[in-house]
Amino acid sequence: MKFWLGALGIALVAAGVAMSGINEYFFFAAFVVLTFVVLATAWNILGGYAGYVNFGTSAFFGAGAYAAVVLFQWLGAPLPAQIAAGAAMGALLGFGVGVMTLRLRGIFFAIATVAVVFIMETLMINWRYVGGATGLQLQRPEVMAPFATYARMLFFFLTLMAIGAVAIARYIQTSWIGRGLRAIRDSEEAAEANGVPTLRLKLVACVVSGALMGAAGAPMPMYLSFIEPASTFSLNWAIGALAAPMIGGTIHWLGPVLGAIVLASLQQIVTVTISGEINVLVVGVLLVLFVVLAPDGILGLFKRWLKRSSR
Amino acid sequence: MAEALLQVSGVSKRFGGFTALSEVSLAIAPGERFGLIGPNGSGKTTLINCISGLLRNDAGTIVFDRKEISGLAAYRRTRLGIARSFQVPRPFHTMTVLENLLVPSAYVIHLKDSEGEERAMEILRGMGLADKARLNASQLSQVELRKLELARAMAARPRLLISDEAMAGLAGTEVDEVLKILFDLNAQGITIIMIEHIMQAVMRFSQRVVCLDAGKIICEGAPAEIVKNADVQRAYLGA
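Top line first, the protein sequences correspond to chains A and B. Residue numbers for the first sequence follow our numbering, beginning at 89 and rising by one. Residue numbers for the second sequence follow our numbering, beginning at 34 and rising by one.
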């Protein structure tokens with residue numbers, strides 16, 4: 089109940105902000121931050137809850153982006169339909185990749201997911217309809233009322249998407265599925281011996297996670313008015329999606345949200361004030377610091393602090 | 034003998050060129066206390082991995098409660114009533130002791146958490162772990178971890194419990210504690226297969242013992258006969 093009131097509050101505030109007179113740049117930056125919130129939340133469902141590290145976020149993100157472009161080129165579909173197509177494509181890819189790779193454990197699974205990125209990128213480079221290697225310029229449609237600009241509309245949609253993603257992650261975490269995934273992370277053999285259908289559960293997590301990543305990718309072409317394979321399948325998406333939960337904390341749905349907001353905001357600030365190259369360094373430095381000093385992330389630090397102050 | 038609860042017939046398992054089990058057959062009656070012994074590497078754990086489903090046997094059949102199970106995934110066998118403990122304890126270490134038991138109670142017998150918790154606490158009380166229920170599993174001592182393995186297996190409400198060296202490395206009084214738990218469970222009607230190196234414990238516990246050596250059954254009988262058997266003595270002592 090409290091969660092849903094909070095979600096409603098955030099949605100209303102986002103709507104208010106989107107219709108206010110705030111500088112347009114804010115929406116450009118916030119769009120990227122929110123994209124990372126969705127990606128990190130999605131990543132955490134498989135990577136955090138079940139302990140299966142996915143290095144291939146970019147593949148799912150890109151699949152969603154290209155699904156949106158195809159639908160837009162073909163039918164001129166509106167943004168919500170593009171997002172739905174992106175989610176469907178991500179889910180499909182999640183199922184395919186899951187069936188093929190989820191029997192692999194640990195590092196072998198991680199390596200297999202990297203391969204998926206290269207496969208997807210190569211496929212898109214060789215597909216003329218979506219622009220091939222040179223990419224495709226896209227003409228944005230008219231912005232929908234009541235939004236004044238397209239960036240503001242994207243910002244609002246992304247806020248809703250982030251709320252939806254977090255709600256799904258939270259449901260999974262607190263339901264019986266979440267307990268099964270935790271059991272898998274702690275000991276897969278013991279989970280199986282205690283009645284957990286491990287393969288099926290991992291597959292569910294992979295499909296849901298993939299769908300959310302695909303959805304996160306769908307608005308990107310409209311945001312840039314452009315799509316091309318190199319930046320769409322950039323490993324930066326994968327690294328951000330995995331770094332944010334590590335920094336925020338992987339046990340709780342709040343972890344990836346906090347991590348993504350901190351990390352992506354910092355990156356935006358560094359991009360503007362220093363340079364677009366150094367922002368990648370920020371991820372690396374923060375990741376190393378957290379892995380070494382606070383392996384349970386911001387949430388872990390907070391919990392430790394609570395314990396100490398209650399003593 | 035009454036109809037067997039578990040009937041293993043001609044089960045073989047190879048790892049590459051190494052034959053871990055060759056044509057092992059045994060039958061276990063409902064309610065029986067069954068001991069499985071054998072030197073290190075004789076195939077005891079491989080056999081119970083084949084029975085519980087973590088490994089698939091290459092040949093032979095495994096029939097549990099008149100149902101051929103050797104093609105089933107491990108979680109399905111647990112749902113049919115075969116539970117096991119692990120030789121090296123594998124607790125869900127990020128969960129509390131109580132939550133550990135809620136995994137099988139949710140996934141095997143489909144209880145809601147409120148009902149599951151009540152049952153889990155009852156099991157923990159029976160094992161003397163009730164005061165540790167809210168502790169993280171990673172905080173338990175070695176003997177407590179062994180008990181947790183058994184408690185978690187019990188939360189699946191099994192008909193057959195396979196205890197894989199639940200007492201290895203424990204001190205004398207601790208061995209007695211675990212042994213008493215197993216006797217109590219058997220008294221409730223649960224069939225138990227005990228794999229053990231501590232001879233005195235297996236011999237006291239089992240009604241019937243089978244000795245494996247190099248993947249073959251070399252001897253089967255009452256504990257007193259087994260101890261006197263020349264093949265068993267050779268397998269253990271190398272004489």
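Every residue, glycine too, gets a C-beta built ideally from N, C-alpha and C.
Which residue's Cα is closest to the Cα of residue 60(B): 95(B), 89(B) and 49(B)? 95(B)
Sub-8 Å separation of residue 183(A) and residue 342(A) beta-carbons: No, the pair does not count as a contact, with Cβ atoms beyond the cut-off.
Identify the continuous beta strand (DSSP E) that holds residue 249(B) and give its terminal residues. 249 to 254
Since residue 164(B) is in the beta strand (DSSP E), which residue starts that stretch and which ends it? Neither: residue 164(B) is in no beta strand (DSSP E) and is coded neither H nor E.
I think residue 212(B) touches residue 234(B), with their Cβ atoms under 8 Å apart; what is that distance to the nearest whole Å? Yes, they are in contact, since the Cβ atoms of residue 212(B) and residue 234(B) sit about 6 Å apart, within 8 Å.
Simplified DSSP assignment, three categories, for residue 193(A): coil
Put residue 316(A) into one of helix, strand or coil per three-state DSSP. Looking at residue 316(A) - three-state DSSP - the assignment turns out to be coil, as it is neither helix nor strand.
So, residue 126(A) versus residue 303(A), is the Cβ gap smaller than 8 Å? yes
Own chain residues within Cβ distance below 6 Å of residue 52(B), not counting five before or after: Closer than 6 Å at the Cβ level, and outside the excluded window around residue 52(B), lie 248.
Extent of the continuous beta strand (DSSP E) to which residue 46(B) belongs: 39 to 48
Contact set between residue 137(B) and chain A, taken where Cβ atoms lie within less than 8 Å: In chain order: 282 and 283.
Do you know offhand how far residue 353(A)'s Cα is from residue 131(B)'s? 40 Å
In chain A, which residues lie with their C-beta within 8 Å of the C-beta of residue 97(B)? The contacting residues do not exist; residue 97(B) stays about 15 Å from chain A at best.
Roughly how many angstroms lie between the CA atoms of residue 154(A) and residue 168(A), to the nearest whole one? 15 Å
Check whether the Cβ atoms of residue 151(B) and residue 176(B) lie closer than 8 Å to each other. no
For residue 43(B) and residue 55(B), what's the separation of their Cα atoms in angstroms? Their backbone Cα atoms lie some 7 Å apart in a straight line.
If you measure between the beta carbons of residue 147(A) and residue 174(A), is that distance less than 8 Å? no
Contact criterion: CB-CB distance below 8 Å. Does residue 125(B) meet it with respect to chain A? yes
Return no unless some Cβ of chain B is closer than 8 Å to the Cβ of residue 392(A). no
At a CB-CB cut-off below 9 Å, which residues of chain A make contact with residue 87(B)? 277, 280 and 281
Establish whether the CB of residue 271(A) and some CB of chain B are separated by less than 8 Å. yes
Would you say residue 167(B) faces chain A, with C-beta separation under 8 Å as the test? no
The stretch 365 to 373 of chain A touching the stretch 293 to 308 of chain A, judged by at least three CB pairs closer than 8 Å: no
With 16 as the cutoff for other CB atoms within 10 Å, does residue 268(A) come out buried or exposed? By the neighbour-count rule (16 or more Cβ atoms within 10 Å), residue 268(A) is buried.
What is the DSSP secondary structure of residue 129(B), counted as helix, strand or coil? In the structure shown, residue 129(B) sits in a strand (DSSP, three-state: E or B).
Candidates 45(B), 41(B), 46(B) and 67(B): which alpha carbon is nearest residue 259(B)'s? Of 45(B), 41(B), 46(B) and 67(B), the residue nearest in Cα terms is 67(B).
Check whether the stretch 360 to 367 of chain A and the stretch 326 to 344 of chain A are in contact - that is, three or more C-beta pairs closer than 8 Å. no
When we look at the beta-carbon of residue 92(A) and count the other beta-carbons within 10 Å, is it buried (16 or more) or exposed? Answer is exposed; the Cβ neighbour count stays below 16.
Name the DSSP bridge partner or partners of residue 225(A)? In the DSSP output, where bridge partners are listed per residue, residue 225(A) has 314(A).
Mind pulling the chain A residues with CB within less than 8 Å of residue 119(B)? 277, 278 and 281
Does the beta carbon of residue 268(A) come closer than 8 Å to any beta carbon on chain B? yes
May I ask you to verify whether the stretch 130 to 149 of chain B touches the stretch 213 to 221 of chain B, counting CB pairs closer than 8 Å and requiring at least 3? no
Spatially closest choice to residue 89(A) from 258(A), 274(A) and 322(A), by CA coordinates: Minimum Cα distance to residue 89(A) is reached at 258(A).
C-beta neighbour in chain A for residue 200(B), strict 8 Å: no
Of the listed residues 251(A), 255(A), 391(A) and 347(A), nearest to residue 101(A) (C-alpha basis): 251(A)
Environment of residue 297(A) [buried if 16+ CB atoms lie within 10 Å]: buried
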